[in-house]
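> Got a structure for you, questions after.
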Amino acid sequence: MADTQALISVQGMTCGACVKTVQTQVGNVDGVTECEVSLLTEECHVLFDKGRTTTSEILETIDECGFDGSLIS
Amino acid sequence: MSSTNHYQFNVQMSCSGCSSAVERALSKLEPEVSKTEISLEKQTVDVYTSLPYDTVLEKIKKTGKEVISGTTLN
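Line by line, the protein sequences give chains A and B.
Going by this note's numbering, the final residue of the first sequence carries number 73, and the count climbs one at a time with no gaps.
Going by this note's numbering, the final residue of the second sequence carries number 147, and the count climbs one at a time with no gaps.
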């Protein structure tokens, strides 16, 4: 099953540790195969298996980290 | 007023963004959480809440920050 791409805007990250936190937490979501977080553009690019997880689950994970995630595409 | 517990956690936070992230995550537990005090210098998170200790600990762990220790002060 080809992976689905999602681009999520993540507001509230201010340092490298915040980026690492989001990357670790989103990476731990079952079904996420790849996760790149950019501090400059405040975006999180995620590759995930649509069968095992959904964008809303990923957004919730980002929310639980204390950041505001919103789906761009 | 239900009994308000006062928990204090040592949480590894490296910048103001991290501490505000923890604060935002805990604010989602309102109204049970009446007050939170976060000190970046002391790396401590004080939570005044009627919720049980584990619920709060779980919430902080979910923010991805490392919880070094936690105590219940009353």
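Beta carbons are placed, not taken as given, at the ideal position from N, Cα and C, and that holds for glycine.
Under 8 Å, Cβ to Cβ, is there at least one residue of chain A near valine 140 of chain B?
no
> Let me see if you follow: with CB-CB separation under 8 Å, is valine 129 of chain B close to chain A or not?
no
> Tell me which same chain residues have a C-beta within less than 8 Å of the C-beta of valine 145 of chain A, skipping the five on either side of it?
Only positions 1 to 73 of chain A appear in this structure, which leaves residue 145 of chain A out of reach.
> For threonine 21 of chain A, go through chain B and note every residue whose CB falls closer than 9 Å to its CB, in chain order.
Cys91, Ala94, Thr136, Gly137, Lys138
> Below 8 Å on the Cβ atoms is my guess for lysine 23 of chain B versus valine 140 of chain B; work out the distance and round it to an integer in Å.
Residue 23 of chain B lies beyond the range of chain B shown here (74 to 147); nothing can be said about it.
> Let me make sure I understand the geometry here. Which of B:Gln85, B:Gln81, B:Thr77 has the alpha-carbon closest to that of proline 104 of chain B?
B:Thr77
> Please return the same chain residues whose Cβ sits closer than 7 Å to the Cβ of alanine 94 of chain B, not counting the five positions on each side in sequence.
Thr136
> Verify the contact flag: threonine 77 of chain B, CB atom, against every heavy atom of the ligand GTP, threshold strictly below 7 Å.
Among the components modelled here there is no ligand, and therefore nothing to report on the ligand GTP.
> Strictly under 8 Å for the Cβ-Cβ distance: is threonine 4 of chain A near chain B by that measure?
no
> Quick test of your reading: threonine 24 of chain A and cysteine 88 of chain B, contact by CB under 8 Å. State the CB separation rounded to the nearest angstrom.
Wrong, their Cβ atoms sit about 16 Å apart, outside the cutoff.
> I need the boundaries of the alpha helix (DSSP H) containing glutamine 25 of chain A, first residue and last residue.
16-27
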